[in-house]
Every structure is written in C-alpha cells, then in structure tokens.
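Only one structure is covered here, and it is reproduced in the block below.
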C-alpha cells in the first residue's frame, strides 16, 4: 500500500510530511463518493456541484447516504464575469448555494472535477484557490476529483493538482480523489484513492473499506505497475497522450468540416458538442429524439440531459478509440446530421411556401454563403424560398466567407448576391 501512496503523491507533490498522509484505497471513485456522502452528510443534506457533470456521481452520493446534489448551472453564453463558455464563476456558485439555503437545503460540500467531465476544462491554480476560498468562507468541505489527472494530452495545457498549492485554504475540509481506471485505461479494475488530512474523515472512510475493499492480488499488481515510473513516464504516458491527441484531432477536424460547434479542450477522452441547430425546438424532448436517431444508426452518444446540462442540444462524444472505428463512427454521425438537416430544410421550405410574406428568413440564420465547390445557382424554375433553402443547406459545409470578400462574391456570383441582398433587406 505504501508503494501505491508514495507513487501517487510523487505526481502531485514535492514533499509531504509523513504524519499528514491519510490515504484511503477503495474499489473505485464511485465507492469513495458514496463513502464521503455518508460520512460528511446526514440524510437529506446536499453537495454543491457545477453542471454539466458526470452523471454517475448522482447515483453514488444517493446510494446509501441519501444525499442530494445542488446544481450551479453553467451556460454556453459568455456573460457577466465569465470569459469562456461554461465557466465556473464565484457568482454562479454563490447563487446556487443561496438558492439552496432559501429552500431549506443544507449544503455540506463542494465537488470540483478537474479535469472536468464532460467539458474537458482544466482549472488553473488561481481558479482552484478561488473555489477553495469560497468553500472555506461558507464552511464547506471540498471534494476534488482528479481522475483524469494524467490524461492531459497537449503540451499547451498544464494540469495542476490542488495538492501542489503551497497552502490549502482549509486543509481539514479538503479531500482529493484519483483512480486508475481512466488514466491507465483499465475501467474494469476498481481502484480509487482518497487523500485527506482530516484524521476523523480518514478513520470514518476507512471503516467502510469492509464494503468497498480492493483485494490483495489487485493491490499487488497495481503497486507493481505504479512502481515502474520510467516506463510510465517515458513510454506509456507519451504514447497514450500522442494517441489521444491524434484521435481528438481527427474527431474535431470532422466536426469542423460539418460546421458543428464544440468546446476545444485538451484533457480527458471526450468532446462537448453543440448539436442545437439540429433540434426542431430547443427542448429536452427534441434532444432525446436526436439521441435516439443516433442510437438507431449505431452511434452511442451521451446527451446533455444525462449531465444535467440546462441547455438542450449538447452532447458528449468519446474519441478514445482506434482510427478505423472513429472513421466509421464519424461517417455515421455525418449521415445522421445530413438527414436531420435535410428534414429541417424541407420543413423550412414548406413553411416558406405557405407564408404570405415571401422572402423572410429565419432569425437564426446569420449568414448565407455558397460553397466554392458548387456551380453558380440558377434562379430559373425556383422561387426565392427554394433558393434560400438551398443556400442554407450549402452554408454549413463551406468555409467560403473565410476565404473571400463580399465584393469578390458579388462579382463572381451576382445572381446569388442579389438574393442575399433581398434576404437581408439591402437593395
């Protein structure tokens, strides 16, 4: 056990006095969440967590602790004090905490996922300090889940554990988790660690190891693995990061080709994708229909509702797979989206034909352009609504405006430019 603890701490610490070390091992981080919920809370009390988040935590904390989760909803829209989509800010944490208190819910701890699942965000030391100071101010425990600690695959991004801080704001209420299943791609081997300086918490969690223990042979094998630091650092992590980066690049390049927005992050095995434009209406019912469409075409994605995202239309895709499987998967994604896009276009065209005010565009269509791969569009035999629909179909698969000017466009395709002028009301 000491070998496991010593190896783990070397990844995050330069030196920790031995009398401070309180590390508990259980069969997975899910078990640790269950144990912490039971130890830190009375039934009916709550943990505070930012959404979207890995939904399995909900079941873990409720399992036999009957602990609720209070949500600090993050938004894709950059506003207020945020500078990036889905940013966790003090204002959002404070609002969620105050709302819970006004409803009579007692919040006992804050959960931080770093790197974040499903967003892929990596929190800086300054951000982590803010979160821990917030928790200290309101006398909350902090549970920091660092299970993707070694899965930051781009050199431009740096991961910092809270254990790297010179001083924890509230060391007796700070508890850090890590598991082997993600970083070493062995999800079937249940092994999670909890670091805490709180002796009472350590003793209480330790007493639950009877129900969540790790058998001796598994502990031995993991100890042997983690002791080989040269192989881990020089061979395994380098190869794993290269493969993750290549897979991430392939999937995100495909998304760019499709014109699908996404969060471009450098940690974890997933991409958070914006499929909102493929929903007929911005509802979770429509999101579920799109999810079902993917599933019917043999693509298993995770919809935003599973992560308690408050904006319908966001999905998580896992890219940690072999290239030929990613190629097949993205081909199926493309087919589903093209089918859905055509359906929406047909509905828009039908509505346009039935409209008394011909030529009015949907307010969500900000720009219309034609792919440079297409021949000039003839206006004979089609009305303005049909032409607009065709242009809308072409716009999502082109980077034309990024490479050309409006003046050049008007000279090369005057008939299309005239349609554009009528659309935006500029004569």
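Residue numbers (this note's numbering): 6 to 432.
For glycine and all other residues, C-beta sits at the position ideal for the given N, C-alpha and C.
Since this is a predicted model, take the numbers as computed values, not measurements.
Legend entry - Cβ distance (whole Å) where residue 210 is taken to contact residue 116 below 8 Å: About 16 Å separates the two Cβ atoms, so there is no contact after all.
Legend entry - DSSP beta-bridge partners of residue 180: 148 and 201
Legend entry - Through-space distance from residue 286 to residue 299, alpha-carbon basis: 18 Å
Inset, instruction - Inspect the beta-carbon positions of residue 66 and residue 39 and report whether they are closer than 8 Å. - result: yes
Inset, instruction - Compare the beta carbon distance of residue 42 and residue 70 with 8 Å and say whether it is the shorter of the two. - result: yes
Legend entry - Nearest neighbour of residue 119, chosen from 153, 101 and 32 [CA to CA]: 153
Legend entry - Close beta carbons around residue 195, own chain, < 6 Å, minus the five adjacent residues each side: 32 and 33
Inset, instruction - Tell me where the beta strand (DSSP E) around residue 96 begins and ends. - result: Where residue 96 is concerned, there is no enclosing beta strand (DSSP E), although the alpha helix (DSSP H) it sits in stretches over 95–107.
Inset, instruction - For residue 348, collect the residues of the same chain with a Cβ closer than 6 Å to its Cβ; drop the 5 residues on either side in sequence, then sort them by chain order. - result: none
Inset, instruction - Answer yes or no: do residue 101 and residue 140 have a C-beta to C-beta separation smaller than 8 Å? - result: no
Legend entry - Sequence-distant residues of the same chain with beta carbon closer than 7 Å to residue 190, five excluded per side: none
Inset, instruction - Sort 45, 224 and 330 by Cα distance to residue 73 and report the nearest one. - result: 45
Inset, instruction - Determine contact between the stretch 124–139 and the stretch 261–275, defined as no fewer than three beta-carbon pairs at a distance below 8 Å. - result: yes
Inset, instruction - Label residue 419 either buried or exposed according to how many other C-beta atoms from any shown protein chain fall within 10 Å of its C-beta, with 16 as the threshold for buried. - result: Counting Cβ neighbours within 10 Å, residue 419 comes out exposed, since fewer than 16 surround it.
Inset, instruction - Tell me where the beta strand (DSSP E) around residue 76 begins and ends. - result: 73–78
Inset, instruction - Tell me whether residue 308 sits in a helix, a strand or coil according to DSSP, three-state version. - result: DSSP, reduced to helix, strand and coil, places residue 308 within a strand of the structure shown.
Inset, instruction - Could you tell me the distance, in whole angstroms, from the CA atom of residue 206 to the CA atom of residue 187? - result: 25 Å
Inset, instruction - Would you please state the rounded distance, in angstroms, between the beta carbons of residue 293 and residue 308? I believe it to be under 8 Å. - result: 7 Å
Legend entry - beta strand (DSSP E) segment containing residue 320, residue limits: For residue 320, the enclosing beta strand (DSSP E) starts and ends at 319–323.
Legend entry - Rounded separation between residue 110 and residue 144 - CA only: The alpha-carbon of residue 110 is positioned some 15 Å away from that of residue 144.
Legend entry - residue 371, buried or exposed, once every other Cβ within 10 Å from all chains shown has been counted against 16: In this predicted model, residue 371 has a pLDDT of only 26, less than 50, meaning its place in the structure is not dependable; the value taken from the coordinates is given anyway. So residue 371 ends up on the exposed side.
Legend entry - Cβ pair residue 198, residue 183 closer than 8 Å: yes
Inset, instruction - Could you tell me which of 151, 175, 103 and 280 sits nearest to residue 135, measuring between CA atoms? - result: 175
Legend entry - Cα-Cα separation between residue 377 and residue 262, rounded to whole angstroms: Unreliable placement is indicated for residue 377, whose pLDDT of 30 sits below 50; no coordinate value is reported for it.
Legend entry - Coarse secondary structure for residue 113, derived from DSSP in three states: strand
Legend entry - Cβ pair residue 266, residue 288 closer than 8 Å: no
Legend entry - Backbone CA spacing between residue 326 and residue 248 [nearest angstrom]: Computed Cα separation, rounded: 9 Å.
Inset, instruction - Measure the C-alpha to C-alpha separation of residue 107 and residue 51 and round it to an integer number of angstroms. - result: 14 Å
Inset, instruction - Tell me where the beta strand (DSSP E) around residue 52 begins and ends. - result: 51–56
Inset, instruction - List the endpoints of the continuous beta strand (DSSP E) containing residue 127. - result: No beta strand (DSSP E) holds residue 127; DSSP gives it neither H nor E.
Inset, instruction - Along the alpha helix (DSSP H) that carries residue 301, what are the first and last residues, could you check? - result: 289–301 is the span of the alpha helix (DSSP H), which, as asked, contains residue 301.
Inset, instruction - Give me the Cβ distance between residue 320 and residue 306, rounded to the nearest whole Å; I'm assuming they're in contact under 8 Å. - result: Yes, residue 320 and residue 306 are in contact; Cβ-Cβ is about 5 Å, under 8 Å.
Inset, instruction - Tell me whether residue 244 is buried or exposed, calling it buried when 16 or more other Cβ atoms sit within 10 Å of its Cβ. - result: exposed
Inset, instruction - Going by CA-CA distance only, name the one from 137, 157 and 88 that's closest to residue 121. - result: Minimum Cα distance to residue 121 is reached at 157.
Inset, instruction - Would you tell me roughly how many angstroms separate the C-alpha atoms of residue 291 and residue 284, rounded to the nearest one? - result: Each residue's CA atom was taken as its position, placing residue 291 and residue 284 some 6 Å apart.
Inset, instruction - Please confirm whether residue 155 and residue 242 have their CB atoms less than 8 Å apart. - result: yes
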